[in-house]
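Report on the following structure.
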Amino acid sequence: MRLLLHACCGPCSLEPLRLLLEEGHDITIAYMNSNIHPQAEYEHRRDTLMEFAREQGIPVVEGVYSPKAWANTAGVYANDPAMRPWRCRACYRQRLDEACDYALTNGFDGVATTLTVSPYQYTDIIREELEAACALRGLVPVFRDYTDQYPEATRRSKALGMYRQNYCGCAVSKKEAEQEREERRIERAAAKAAKLAAEAPKRAAAEAARAKKRAERQAYAEKRAAQRAALKAYKQAHPSDAQDE
Ligand code: SF4
């Protein structure tokens with residue numbers, strides 16, 4: 285069928301595109317992601333996707349980048365972390381509605397999405413929103429759960445040197461990802477400090493053993509020096525003994 289594939293970024297498009305082409309669909313990619321903040325990030329992800337699509341010979345249509353539209357829908361839940369499922373649902377809805385509107389007015393039969401590649405997304409909610417958006421417009425929802433493709437998408441995108449973002453898209457997710465990275469950094473530092481503390485007695489014992497050895501070597505050197513000095517003094521006092529030797 286003529287299929288519009290809503291794509292969130294280049295890395296997440298790799299496996300869905302491959303698998304949907306294998307199914308025999310005639311595919312156009314739709315980059316419709318007003319959730320992405322800031323604009324430079326939106327453009328970076330878009331350009332990465334477009335370069336990949338161009339190499340594959342797949343057409344890409346771009347939506348209207350409207351952070352305001354996102355702020356008025358998903359963004360209303362931005363200040364309450366407990367509302368994340370609602371925020372993400374509204375976010376999926378806004379993007380999939382835009383894709384489905386485009387599909388309807390441009391003669392597509394069905395709509396699919398790459399959103400399910402990421403294991404950090406709400407797969408069931410994506411399914412519900414895709415099916416609802418398609419049902420409203422008489423389109424076929426080509427829902428596929430691509431979560432199991434995530435490792436391969438990660439491997440291939442790294443191998444291709446593709447830009448890989450480290451947060452979902454919206455300003456809230458950017459901040460959350462930064463906080464999580466900071467928490468992980470603090471955890472790693474604490475674990476390292478605990479390991480060093482646990483190893484401290486062992487290190488102190490090793491250092492004490494080394495100090496003991498140094499002291500023994502020093503005492504031996506001093507003893508030998510004293511012996512040599514005594515011998516020298518003896519020889520000076522008894523030169524005739526020295527000649528007999
Ligand atoms: S975390 Fe991702 S899916 Fe959820 S609202 Fe933000 S950009 Fe949208």
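Under the working numbering, think of the first position of the sequence shown as 285, with each following residue one higher. Note that beta-carbon positions come from the ideal geometry of N, C-alpha and C, so glycine has one too.
(1) How about N319: is its Cβ closer than 7 Å to a heavy atom in the ligand SF4?
(2) Over the uninterrupted alpha helix (DSSP H) stretch that includes V395, give me the two end residues.
(3) Quick one: using the 10 Å Cβ neighbour count with 16 as the cut-off for buried, is E413 buried or exposed?
(4) Taking the Cβ atom as the reference point for each residue, do T400 and R428 lie within a distance shorter than 8 Å?
(5) Considering only heavy atoms of the ligand SF4, list every residue whose Cβ is less than 6 Å from one of them, following chain order.
(6) Per DSSP, which one or two residues make a beta bridge with D310?
(7) Quickly, what does DSSP pair V345 with across the bridge? List them, please.
(8) With a threshold of 7 Å on Cβ separation, who are the neighbours of A517 within its own chain once the five nearest residues in sequence on each side are excluded?
(9) Is the beta carbon of C293 less than 8 Å from the beta carbon of Q405?
(10) Where does P322 sit, in a helix, a strand or coil, going by DSSP?
(11) So L287 packs on D310, CB below 8 Å; how close in whole Å?
(12) Given that a residue counts as buried once 16 or more other Cβ atoms are within 10 Å of its Cβ, and exposed if not, what is N363?
(13) Nearest-angstrom Cα distance between L303 and T398?
(14) Leaving out five residues on either side along the sequence, give the residues of the same chain with a beta carbon under 7 Å from the beta carbon of M316.
(15) Do you know whose CA, among A387, A481, I409 and R440, lies nearest R421's CA?
(16) Under three-state DSSP, which class holds Y424?
(17) Does DSSP classify M446 as helix, strand or coil?
(18) Classify A374: buried if its beta carbon has 16 or more other beta carbons within 10 angstroms, exposed otherwise.
(19) Put S457 into one of helix, strand or coil per three-state DSSP.
(20) Would E299 be called buried (16 or more neighbouring beta carbons within 10 Å of its own) or exposed?
(21) Is DSSP giving N356 helix, strand or coil here?
Well, looking at it:
(1) yes
(2) Where V395 is concerned, there is no enclosing alpha helix (DSSP H), although the beta strand (DSSP E) it sits in stretches over G394 to T397.
(3) Flag for E413 reads buried.
(4) Taking 8 Å as the cut-off, the Cβ atoms of T400 and R428 count as close.
(5) Every residue whose beta carbon comes nearer than 6 Å to a heavy atom of the ligand SF4 appears here in chain order: N319, A358, R371, C372, C375, C452, G453, C454, V456 and S457.
(6) By DSSP's assignment, D310 forms a beta bridge with R286.
(7) Answer is A314.
(8) none
(9) no
(10) coil
(11) 7 Å
(12) exposed
(13) 11 Å
(14) H290, G347, R379, E382 and A383
(15) The option with the nearest alpha carbon to R421 is A387.
(16) At residue 424 the sequence reads Val, which differs from the Tyr that was named. DSSP places V424 in strand when its eight states are reduced to three.
(17) In the structure shown, M446 sits in coil (DSSP, three-state: anything other than H, G, I, E or B).
(18) buried
(19) S457: helix per DSSP, three-state reduction.
(20) By the neighbour-count criterion, in which a residue is buried when 16 or more other Cβ atoms sit within 10 angstroms of its Cβ, E299 is buried.
(21) Judged by DSSP in its simplified three-state form, N356 adopts helix.
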